[in-house]
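Written below as structure tokens is the structure these notes are about.
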Amino acid sequence: MSVTVRVPAKVNVQLAVGAARPDGFHDLANVFLAVGLYDEVTVTPADELRVTCEGPDADQVPLDVTNLAARAAIALAERRGIDPAVHLHIAKDIPVAGGMAGGSADGAGALLACDALWGANASREELLDICAQLGSDVPFSLVGGAALGTGRGEKLRALEVGGTFHWVFAMAGRGLSTPAVFREFDRLGEGADIPAPVASEPLLDALAKGDPDALAAAVSNDLQPAALSLFPELADTLAAGRAAGALTALVSGSGPTTAFLARDAESAAAVAETLRSSGMCRAVRTASGPAPGATVVRAAGA
Ligand code: C5P
1 MSVTVRVPAK
11 VNVQLAVGAA
21 RPDGFHDLAN
31 VFLAVGLYDE
41 VTVTPADELR
51 VTCEGPDADQ
61 VPLDVTNLAA
71 RAAIALAERR
81 GIDPAVHLHI
91 AKDIPVAGGM
101 AGGSADGAGA
111 LLACDALWGA
121 NASREELLDI
131 CAQLGSDVPF
141 SLVGGAALGT
151 GRGEKLRALE
161 VGGTFHWVFA
171 MAGRGLSTPA
181 VFREFDRLGE
191 GADIPAPVAS
201 EPLLDALAKG
211 DPDALAAAVS
221 NDLQPAALSL
231 FPELADTLAA
241 GRAAGALTAL
251 VSGSGPTTAF
261 LARDAESAAA
271 VAETLRSSGM
281 CRAVRTASGP
291 APGATVVRAA
301 GA
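Numbering (the UniProt record's numbering), first residue to last: 1 to 302.
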């Protein structure tokens, strides 16, 4: 018996960040859009918990219990009082440490796959609760589509999206650690009065209308100055994408993946081609959103 779950990457079309809280986290107004770049997590019974990974970034993925897929299996098994003796295999297409929730995707995928394999019958509410315990972005990886995340990003409200948005993603030569980017945000903002984060009404409206020009005018990422401070070359990639015809360019989440919104699929392909031939990025991909959340795509008998 094995179960395979497919889980999308995300881009943050708005990431408004408040001041650091006493627990070290930051309150966010985080508008997530799931996009069609996917990891697949396959779970199979085994003698003991183990994780394997394939894909271009596989050598950067931890295979121990720090992997969110392993932590998800352990969290569900603990709640059911069973042994998490499974082999979790990750077919990884989402960049590692890229600001696209690749690790979170594997956590949500493993959780849904283990739930199906073990017949654990967790409710949506329990799954979301475990996801929130695993990490701030993990609940969104489960639900997909588009959503506003508040709190540390884990409290979700589904958003209406009136069309398909076409994106280009440029993967950088190295990763950025999310905690390091938040620390840099704190350092850059030291002494400043940081307002409480609020979702942008024009942005929510642009999503609801499916209007790429309006969305391009409204996107924002408060972590972008921090990501650029730690990785200054990203500014050149953003400029190159804009010059190639993207409607807008921004750092995805905590980066260093850069995201370019295009008017349509044809324009996205042209921007991608220009970025590819610039030699500035490790890899360039196109993907559209919204994409569905974690979904069981295969369940094979013994
Ligand atoms: O929740 P998650 O484990 O994904 O967060 C990783 C790190 O990102 C946290 O340890 C924290 O440093 C930072 N973070 C934050 N505020 C948030 C979400 C994440 O400071 N809302």
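Glycine residues also receive a C-beta, built at the ideal position from the N, C-alpha and C atoms.
Quick caveat: nothing in here was measured; it's all calculated off a predicted structure.
DSSP places Leu148 in the strand class (E or B) of the three-state scheme.
Assignment of Leu49 by DSSP, reduced to helix, strand and coil, places it in the coil class.
Assignment of beta strand (DSSP E) within the UniProt domain "GHMP kinase C-terminal" (204 to 277), counting only whole runs of 3 or more residues, yields 248 to 251, 258 to 262 in chain order.
Along the length of the region 40 to 112, whole beta strand (DSSP E) runs at least 3 residues long occupy 50 to 54, 86 to 91, reported in chain order.
Nearest in C-alpha terms to Leu49, of all of Val65, Phe182, Val35, is Val65. Under the DSSP assignment, Ala180 falls in the alpha helix (DSSP H) whose first and last residues are 178 to 188. The closest CA to that of Leu127, considering only His26, Ala287, Leu261, Leu112, is found on Leu112.
DSSP places Ala192 outside both helix and strand once states are collapsed to three, so it counts as coil. Here Val138 carries a helix assignment [DSSP, helix/strand/coil]. Here Thr295 is bridged, per DSSP, to Arg6.
Ala16 sits in a strand when the DSSP states are folded into three classes. Assignment of beta-bridge partners to Phe165 by DSSP yields Gly289. The C-alpha of Ala122 lies about 28 Å from the C-alpha of Val96.
When C-beta atoms of the region 38 to 54 are compared with those of the region 161 to 172, fewer than three pairs fall below 8 Å, so the two segments do not count as touching. Gly162 sits exposed, since fewer than 16 C-beta atoms from the chains shown fall within 10 Å of its C-beta. When secondary structure is reduced to three states using DSSP, Asp115 falls in the helix class. Beta bridge pairing from DSSP links Met171 with Ala283. Taking 8 Å as the upper bound for CB-CB distance, Lys10 and Leu28 are not in contact here, some 13 Å apart.
For Leu156, the enclosing beta strand (DSSP E) starts and ends at 155 to 158.
Cβ atoms of Gly103 and Leu176 stay farther apart than 8 Å, at about 13 Å. Ala29 sits in a strand when the DSSP states are folded into three classes. In this structure, Val297 lies near Arg6, with their beta-carbon atoms less than 8 Å apart.
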